[in-house]
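S.K.: Residue numbers (the numbering used here), protein chains in the order written: chain A, 1045 to 1364; chain B, -9 to 533.
Idealized CB from N, CA, C, for every residue including glycine.
Since the structure is predicted, the reported quantities are computational estimates derived from the model, not experimental observations.
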Amino acid sequence: MFESLSNIAESVNTAFFFILVISIAMLVLITFLMVFFVIKYSRKRHPTSKSIEGNKLLEVVWTVVPTLLVLGMFYFGWVGYKFMKDVPEDAMVVNATGRMWSWLFEYENGVQSDTLWVPLGRSVHVKLESQDVLHSFYVPAFKIKQDLVPGMTNYVWFTAKEPGEYELFCAEYCGQRHSYMLSKVVVLPEDEFNAWLEKEAKFVSEREPSPDADERELTEASLIRRGERLSKIKGCSACHSTDGSRMVGPTFKGIFGRSTVVVANGEEREVVVDEDYLRKATLNPEAEIVKGFQALMPPQRSLLDDEELDAIIEYLKQLK
Amino acid sequence: MGNRAIAEHAPAAGFYEEKGRFSGLFAWIFSTDHKRIGLLYMISILILFSVGVVFGFLMRLELVSPGKTIMEPQTYNSIFTLHGVIMIFLFIIPGLPAAFGNFFLPIQIGARDVAFPRLNLLSWWLYISGVVFALLALFTGSGPPDTGWTFYAPYSTQTGTNVSLAVFAAFILGFSSILTGLNFVTTIHRLRAPGMSWFRMPLFPWSLYATGWVQLLATPIIGITLLLVIFERLFGVGVFDPLKGGDPILYQHLFWIYSHPAVYIMILPAMGVISEIIPVHAHRTIFGYRFIAYSSLAIAGLGSLVWGHHMFVSGQSYTADVVFSLLTFLVAIPSAIKVFNWVSTLYKGSIVMETPLLYALSFIFLFSIGGLSGLMQGALSVNVHIHDTAFIVGHFHYVMFGGTGFGFFGALHHWFPKMFGRMYNKTHSRIAWFFLFVGFNMLYFPMFILGWMGMPRRYYDYLPQFHTWHLMSTIGSWILISGLILMFANLIRSLRKGERVGSDPWGGSTLEWSISSPPPKENFEEIPRIDHGPYEFKGASKE
Ligand SMILES: [Cu+2]
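And the structure:
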């Protein structure tokens, strides 16, 4: 709780302890005086009271002393905050997107991930954007937090001081599954981090047309594996289960070939799920809403490219 | 003390017996008598408070262990929204001013009623209409609102639940609050008894005066903001929608420009109550009368300029962050001044530890914890870590419930004999206090620890490392609720069975203790002339 696992946490802890010590002292003083007076001047011991109207000197003292103390607190808080706002220029940039109810992290080389991987000891500059409503990027261990506001790019930065996995929460209420909008920050030594980044970069580049025609054909098995990963990275699994349980959206289990009732323009219609339907339902979900569900599915038309969509559909088709 | 002077208690039932144009229930809901309106408010407010408590209890029960306990996430989200809306808009904002202010403000300044008695009745009717709309929002449309009491855009403008009606309810309640503020400010300006100069006025009216101005000036802003949310939902005007050039942060500014001053609407009257209770039960004049009076005005003034401290991590400008942080620290000072003066009022008193004083001293203790934790939140860097965590929930329950709530209960026990002419069972009231005090701290203190550990607020579910403290907090809620039941049972029973009391069971010095209990209609046969300050006690030696 009080370790400093990031460079930011240090200054937060200092300011907190400064205020905490003064606060405890104040509280003890006030409580002690109350109890002491109540006992000492109880009617039994002190039958006639003395009406003291006030004391100018005391009033000055207990105005000036607290003023100085709170100005000190303000100063400590400000210094730490200024530090949080000044991003070092050589920091590694990661773009983070928050959306109901998952996180997407994008690295400069195009790698995408639902977990934030960072190198140990290097400053990381996270740019924050929201795709729908307010969210907040919160890593308690690092003592950093910043809201994600639609239409705005906010940021946080930090340097991790210990390797490990740390919780990442959404701290601004964002609807039904707000408390499940969790992820992790994984801190790796620089060389391990670079190895991870390279491995992931392959995942991105695999689908790029390579000059060698044979390699370009992805095998079906690897396409499905791609689809499975993409359904996590792109946030589908935040609303759709694969085990048959009902979450915010209908389950993906056995989706291909089942018949579903959809509502379009107030009219109900029964459809059998085929590849074409999956495509439409993913890209333009607002056109037809599955009966019994809310229109909460974010349209994917500008969020998935053709190849990503193909992979996801291939994956959905075989979920029995 | 309690069974003193029963003989002087001639017109037994005071204003309760007065026959007006109507009888039965109508004699109450159409009465313009400030005392009847005060009691109407008190009953309505306490009923809604109980509803809010039930929702709070259910939330704590859900959080007793990780995973699903008794409800689904959507239900939980609605319940914390309703808990907040009810406790803020229906209990704590009207709370002390509307119930005790109505009853005691005119009496304490030597008036027969408030300046605009009919407007006063209209306020109550508006309040009830607001309640009706809020209830309608629960049972109509597609599910109760799930936005949190803050109605933050753009979630509030997008969610499919019944937000519009709930927001409309809050809009109407705003008018009730504005009219009460207007009425009190005018009453204090125009209707003080001859000789009652500003500085001979008791401190409860002083606090209501400061509150009245805030109600009058700040509430219209929330009204407009809430209307904008409705327009946004119905017509998609786009003021808060970035795709149409709007700004979600604008909503937060508009919301907090009202809602921060509103927390002073909530706490100031309670501070006024404490300033009444302590001198009476310490049997001596208040220490630093003018400093307490002026600090109410300072709190009202400075408190209107600190709203941005709710938004340090929202993305508002850095300069705004720094300025708001500085102002936030400054508003702590008048509150500290009050606390020091209250404590000094005990010095060389002749103190009887009656139940109201127990509540008043607990107020000081709990409010101090609330205020000091507020300093932590006011410090920019620390705020970044604890904003939107359980720490904040702990903090505002310490100030709102530990402060205003305990102030309300203190007022209830202090003025109960005056309002009903009977005394409650004092032993039972002390036991109830004990349960409340212990339960309260057990319920809310763990939230500071949880928040510092990183537990976000408004979470339906949580990770296992938070379990111990959540469990403790939930057990605290059971103790607290037992205390509440005990307290209300004792008071309700005493309405009929309590021992009769005379006009002045505590040996008080302000005007309400000079008239019979319960007070007669129109309070004073002859308007008193005032030639001294409010807290001059018989038998207390002067310095
Ligand atoms: Cu979120």
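Take V1056 (chain A) as the anchor and find which of A:L1077, A:R1270, A:G1121 and A:V1114 has the nearest alpha-carbon.
M.R.: Nearest of A:L1077, A:R1270, A:G1121 and A:V1114 to V1056 (chain A), Cα basis: A:G1121.
S.K.: Where does G339 (chain B) fall in DSSP's three states?
M.R.: Coil.
S.K.: Based on DSSP bridge pairs, tell me the residues matched to I1333 (chain A).
M.R.: In DSSP, I1333 (chain A) forms a bridge with A:V1307.
S.K.: Between the Cα of I220 (chain B) and those of B:A156, B:A208 and B:E266, spot the shortest distance and give me the residue it belongs to.
M.R.: With distances taken between Cα atoms, I220 (chain B) lies closest to B:A156.
S.K.: Closer than 8 Å, Cβ to any Cβ of chain B: which residues of the segment 1111 to 1135 of chain A, in chain order?
M.R.: Flagged, chain order: T1111, V1114, L1115, M1117, F1118, F1120, G1121, W1122, V1123, G1124, Y1125, F1127, M1128 and K1129.
S.K.: Of all the CB atoms in chain B, is at least one closer than 8 Å to the CB of E1314 (chain A)?
M.R.: No - not a single Cβ of chain B is within 8 Å of the one on E1314 (chain A).
S.K.: Give the residues of chain A in contact with Q64 (chain B), contact being defined as C-beta atoms less than 7 Å apart.
M.R.: By Cβ distance, chain A contributes Q1220.
S.K.: Using a cut-off of 8 Å between C-beta atoms, extract the partners of D1191 (chain A) located in chain B.
M.R.: Those within 8 Å of D1191 (chain A) in chain B are V303, S304 and G305.
S.K.: Would you call the CB atoms of V1065 (chain A) and I323 (chain B) closer than 8 Å?
M.R.: Cβ distance not < 8 Å, so V1065 (chain A) and I323 (chain B) don't count as in contact.
S.K.: What separation, rounded to the nearest whole angstrom, lies between the Cα atoms of W405 (chain B) and G364 (chain B)?
M.R.: Cα to Cα, the separation comes out at about 31 Å.
S.K.: Pick out whichever of B:H73, B:T65 and B:K234 has its Cα sitting closest to the Cα of F47 (chain B).
M.R.: Per the Cα distances, B:H73.
S.K.: Just to make sure I have the definition right: I need the residues of chain B whose C-beta is within less than 8 Å of the C-beta of M1078 (chain A). Which are they?
M.R.: Simply V333, L336, L351, I354 and F355.
S.K.: Would you say the segment 58 to 71 of chain B touches the segment 123 to 134 of chain B, given that touching needs at least three Cβ pairs under 8 Å?
M.R.: Yes, the segment 58 to 71 of chain B is in contact with the segment 123 to 134 of chain B.
S.K.: Tell me W468 (chain B)'s beta-bridge partners as DSSP assigns them.
M.R.: Note: W468 (chain B) sits in no beta bridge, so no partner.
S.K.: In chain B, which residues lie with their C-beta within 8 Å of the C-beta of H1090 (chain A)?
M.R.: Residues of chain B passing the Cβ test: K338, G339, S340 and I341.
S.K.: Flag this pair as yes or no: are the beta carbons of G497 (chain B) and R412 (chain B) separated by less than 8 Å?
M.R.: Cβ atoms of G497 (chain B) and R412 (chain B): not closer than 8 Å.
S.K.: Along chain A, which residues have their Cβ under 8 Å away from the Cβ of A549 (chain B)?
M.R.: Nothing can be reported for residue 549 (chain B): it is not among the residues displayed for chain B, which extend from -9 to 533.
S.K.: Does ligand 1 have even one heavy atom less than 7 Å from the beta-carbon of H1222 (chain A)?
M.R.: The answer is yes for H1222 (chain A).
S.K.: Indicate the three-state DSSP secondary structure (helix, strand or coil) for D237 (chain B) in the structure shown.
M.R.: Coil at D237 (chain B), not helix or strand.
S.K.: Do you know offhand how far A1135 (chain A)'s Cα is from G305 (chain B)'s?
M.R.: C-alpha separation (whole angstroms): 20 Å.
S.K.: Quick one: is T177 (chain B) buried, meaning 16 or more other Cβ sit within 10 Å of its Cβ, or exposed?
M.R.: Buried is the call here.
S.K.: For the alpha helix (DSSP H) that D1354 (chain A) lies in, which residues bound it at each end?
M.R.: Element bounds for D1354 (chain A): D1350 to K1361.
S.K.: Who pairs with M413 (chain B) in a beta bridge, going by DSSP?
M.R.: In the DSSP output, where bridge partners are listed per residue, M413 (chain B) has B:E489.
S.K.: Is M1144 (chain A) near L1340 (chain A), with beta carbons less than 8 Å apart?
M.R.: Yes; because the gap between Cβ atoms is below 8 Å, this pair is in contact.
S.K.: So which residues touch the region around ligand 1, with touch meaning a C-beta under 5 Å from any heavy atom?
M.R.: The set, ordered by position in the chain, is A:H1179, A:C1214, A:C1218 and A:M1225.
S.K.: Can you give the Cα-Cα distance for L1148 (chain A) and Q1156 (chain A), rounded to whole angstroms?
M.R.: The alpha-carbon atoms of L1148 (chain A) and Q1156 (chain A) are separated by roughly 7 Å.
S.K.: Under a CB-based cut-off of 8 Å, is K1187 (chain A) close to chain B?
M.R.: True, the Cβ-Cβ gap to chain B drops below 8 Å.
S.K.: Output yes or no for whether 8 Å exceeds the beta carbon distance between Y337 (chain B) and F1081 (chain A).
M.R.: Yes.
S.K.: For the pair the segment 377 to 397 of chain B and the segment 345 to 356 of chain B, tell me if three or more CB-CB distances fall below 8 Å.
M.R.: Flag = yes, the segment 377 to 397 of chain B and the segment 345 to 356 of chain B touch.
S.K.: Report back the beta-carbon spacing between V263 (chain B) and G85 (chain B) to the nearest angstrom; my notes put them in contact at under 8 Å.
M.R.: With a Cβ gap of about 11 Å, V263 (chain B) and G85 (chain B) do not count as contacting.
S.K.: Could one say the Cβ of E1097 (chain A) lies closer than 8 Å to chain B's Cβ atoms, at least one of them?
M.R.: By this cut-off, E1097 (chain A) is an interface position.
S.K.: Do L348 (chain B) and W423 (chain B) have their C-beta atoms within less than 8 Å of each other?
M.R.: Yes, Cβ-Cβ distance for L348 (chain B) and W423 (chain B) is below 8 Å.
S.K.: To the nearest angstrom, report how far apart S115 (chain B) and N92 (chain B) are at their CA atoms.
M.R.: One point to set straight first is that residue 115 (chain B) is Trp, not Ser, in the sequence displayed. Each residue's Cα considered, the two are about 14 Å apart.
S.K.: Going by DSSP in three states, K1084 (chain A) sits in which element: helix, strand or coil?
M.R.: Three-state DSSP puts K1084 (chain A) in a helix.
S.K.: Along the chain, where does the alpha helix (DSSP H) that runs through K1171 (chain A) open and close?
M.R.: Careful: K1171 (chain A) lies outside any alpha helix (DSSP H), inside the beta strand (DSSP E) at S1167 to S1174.
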